[in-house]
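Student: Before I ask anything, here is the structure I am working with.
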């Protein structure tokens, strides 16, 4: 039988958006090394419910590192101590029995807290609505080889398109900038012929919306790249900025 762990948790509790919050200590027992971090929080909530206490609110959906819903700051690091890993993919084998683990929401003015560990990331949706798509009606899907695209361009576009919009880049950035997220959503079209018609307008409009949402500007700390679960490069920001500058020059 596998050994279990007992963990000391310090979790941010906040009743609502305009309510004061604080770190609350908990002890959770019977945690297996193969459990995910979210399963550990599920176990804590089961314990709290049995004790007649209110469970901890946190976001989750696919629990497979795909949807980007589950972002938490674990021990001061967005998504936790493991590289290229979302919170839901983080396994408890990364911790030891007796450890104290702090759990906080992603913090940014543009990500207001809804309750406990849940934040409102709808600002990302509004940025996408400003150009994170190709608006031209291209008809039905063409044959896969009808429009040849170079291997390097295809790889660059696919690497950018792996962004899951989790918001870890914002949580890690000292300026709470969404530049890596926005740049990935711009650059995924930059290398493809379908994205050329709206290329400059896309960069301009999405960057302007990012500013309107209250995100900070990028100052090249590269903390976003360090915590990105999909290892998206800050090279995307350079590509986006070039297009933004061209759009500004062209008016």
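In the working numbering, the protein residues as written are 11 to 261.
The beta carbon of each residue, even a glycine, is placed where N, CA and C say it ideally should be.
Exposed or buried, which one is residue 108 when buried takes at least 16 other CB atoms within 10 Å?
Tutor: Counting Cβ neighbours within 10 Å, residue 108 comes out exposed, since fewer than 16 surround it.
Student: May I have a chain-ordered list of the beta strand (DSSP E) segments no shorter than 3 residues that lie completely inside the segment 98-150?
Tutor: Runs of the beta strand (DSSP E) inside the segment 98-150: 110-114 and 123-125.
Student: Do you know how far the Cα of residue 57 is from the Cα of residue 154?
Tutor: Going from the Cα of residue 154 to the Cα of residue 57 covers about 52 Å.
Student: Among 201, 27, 258 and 236, which has the Cα closest to the Cα of residue 217?
Tutor: When each option's Cα is compared against that of residue 217, the closest is 258.
Student: Quick one: what does DSSP say residue 255 is sitting in, helix, strand or coil?
Tutor: The answer is helix: DSSP assigns residue 255 an H, G or I state.
Student: Roughly how many angstroms separate the alpha carbons of residue 11 and residue 135, rounded to a whole number?
Tutor: In this prediction, residue 11 has a pLDDT of 49, which is less than 50 and means its spatial position is unreliable; nothing more can be read from the coordinates.
Student: Can you give the beta carbon distance from residue 20 to residue 35, rounded, assuming they're within the 8 Å contact cut?
Tutor: 6 Å between Cβ atoms; contact.
Student: As an exercise, report each continuous alpha helix (DSSP H) stretch of at least 4 residues that is fully enclosed by the segment 65-95, in chain order.
Tutor: You should have found no qualifying run.
Student: In whole angstroms, give me the CA-to-CA distance for residue 173 and residue 239.
Tutor: Answer to the nearest angstrom: the Cα atoms are 9 Å apart.
Student: Quick check on this structure: which residue in 176, 185 and 224 has the alpha carbon closest to the alpha carbon of residue 95?
Tutor: Of the candidates 176, 185 and 224, the one whose C-alpha sits nearest the C-alpha of residue 95 is 176.
Student: Using alpha carbons as the reference points, say which of 82, 131, 211 and 54 lies closest to residue 188.
Tutor: Closest by alpha carbon: 131.
Student: Tell me which residues share the same chain as residue 112 and place their Cβ nearer than 6 Å to its Cβ, disregarding the 5 neighbours each side in the sequence.
Tutor: 20 and 85.
Student: Taking 8 Å as the cut-off, does the segment 70-86 touch the segment 33-53 (at least 3 CB pairs, one atom from each stretch)?
Tutor: Yes, the segment 33-53 touches the segment 70-86.
Student: How is residue 206 classed by DSSP in three states: helix, strand or coil?
Tutor: In this structure, residue 206 counts as coil in the three-state DSSP scheme.
Student: Where do the ends of the alpha helix (DSSP H) carrying residue 240 lie?
Tutor: Where residue 240 is concerned, there is no enclosing alpha helix (DSSP H), given that its DSSP letter is neither H nor E.
Student: Compute the Euclidean distance between the alpha carbons of residue 246 and residue 103, then round it to the nearest angstrom.
Tutor: Those two C-alpha atoms are separated by around 33 Å.
Student: List, from N- to C-terminal side, the beta strand (DSSP E) runs of 3 residues or more that fit wholly inside the segment 148-234.
Tutor: Here no run is fully enclosed.
Student: Kindly indicate the opening and closing residues of the alpha helix (DSSP H) around residue 5.
Tutor: The structure shown does not extend to residue 5, since the chain spans only 11 to 261, so no value can be given for it.
Student: Should the segment 121-130 be called in touch with the segment 21-40, which here means at least 3 C-beta pairs below 8 Å?
Tutor: The segment 121-130 vs the segment 21-40: in contact.
Student: If you pair each beta-carbon of the segment 153-172 with each one of the segment 222-232, do three or more pairs fall below 8 Å?
Tutor: Too few Cβ pairs lie closer than 8 Å, so no.
Student: For residue 264, tell me which candidate among 202, 93, 147 and 43 has the shortest Cα-Cα distance.
Tutor: Outside the shown range of the chain (11 to 261) lies residue 264, about which nothing can therefore be said.
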